[in-house]
Amino acid sequence: MGRHALLVEVDGAEAALALATWARTRRVDAVDVVPAAASVLFDGVGNLAGLVEALTQWAPSSAPAEGELVDIPVSYDGADLEFVAAAWGVDVATVVERHTSIEFVASFCGFAPGFSYLRGLPQTLAVPRLDAPRSRVPAGAVALAGAWCGVYPTASPGGWRILGTTDVVLWDQDRASPALLPPGTRVRFREAAR
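See below:
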């Protein structure tokens, strides 16, 4: 990954988040520690050999510390709600009930500032992306792709299955922490009052 970077491959998003959290709490020699779906990038490393030695102390069973819980109200009126219901073999009300019963965890960020890949949906409920992405998905769209859940922070193209929308601001440069859902954040969706 370059003279001052190291990419560590792990078994999945949960392990990547655990390693990144462990590395940050131990203040390893890296300017940036960036978890992804099955890897962690350590960038701005002053001593690669020292970092490798430090990483030998991490055990893959190390669970990340529980992050803050964020509640997100959703208007379940998305364009793909009926598609998801059919894919799951249930009615729309059951989709909403299942989605709101899961505690998701932000595993990593990407695609756009403030977009967090949320894990927690069982693999048995995974849904395919659209065959062709929409040219515009509204800001606040709550959507699924595979076993991931995400909330679009701004209007953009996108190929995820839209369940509904929220008014919650996911990215605000004026906040102390601009991203509302950094890795490790726990997320619960609830049906918005009508």
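So the sequence shown is residues 0 to 193, counted in numbering that gives the first Met the number 0.
Think of the CB as a built atom: it goes at the ideal place given N, C-alpha and C, for glycine as much as any other residue.
- Excluding the 5 residues flanking it on each side, residue 109 has same chain C-beta neighbours closer than 8 Å at 35, 116, in chain order.
- Rounded to the nearest angstrom, the Cβ distance from residue 137 to residue 111 is 13 Å, too far for a contact under 8 Å.
- Here residue 96 carries a helix assignment [DSSP, helix/strand/coil].
- Three or more beta-carbon pairs drawn from the stretch 163-176 and the stretch 70-81 are found closer than 8 Å, and the two stretches are therefore classed as touching.
- Cβ neighbours of residue 82 within its own chain (closer than 8 Å, five residues either side excluded): 126, 160.
- Pairwise C-beta distances place the stretch 1-21 in contact with the stretch 173-193, as three or more of them are shorter than 8 Å.
- Measuring C-alpha to C-alpha distances from residue 67 to each of 1, 13, 55, 105 identifies 105 as the nearest.
- Sorting 49, 176, 156 by C-alpha distance to the C-alpha of residue 139 places 156 at the top.
- Nearest C-alpha to residue 186 among 171, 174, 69: 69.
- Look at the stretch 27-112 and you find these whole runs of alpha helix (DSSP H), each 4 residues long or longer: 47-54, 80-87, 91-100.
- Secondary structure at residue 193: coil, using DSSP grouped into helix, strand and coil.
- When the Cα atoms are used, residue 169 and residue 40 turn out to be separated by approximately 23 Å.
- Bounds of the beta strand (DSSP E) holding residue 164 are 160-164.
- Burial state of residue 152 is buried, judged by a 10 Å Cβ sphere holding 16 or more other Cβ atoms.
- Between residue 141 and residue 33, the CB-CB gap reaches or exceeds 9 Å.
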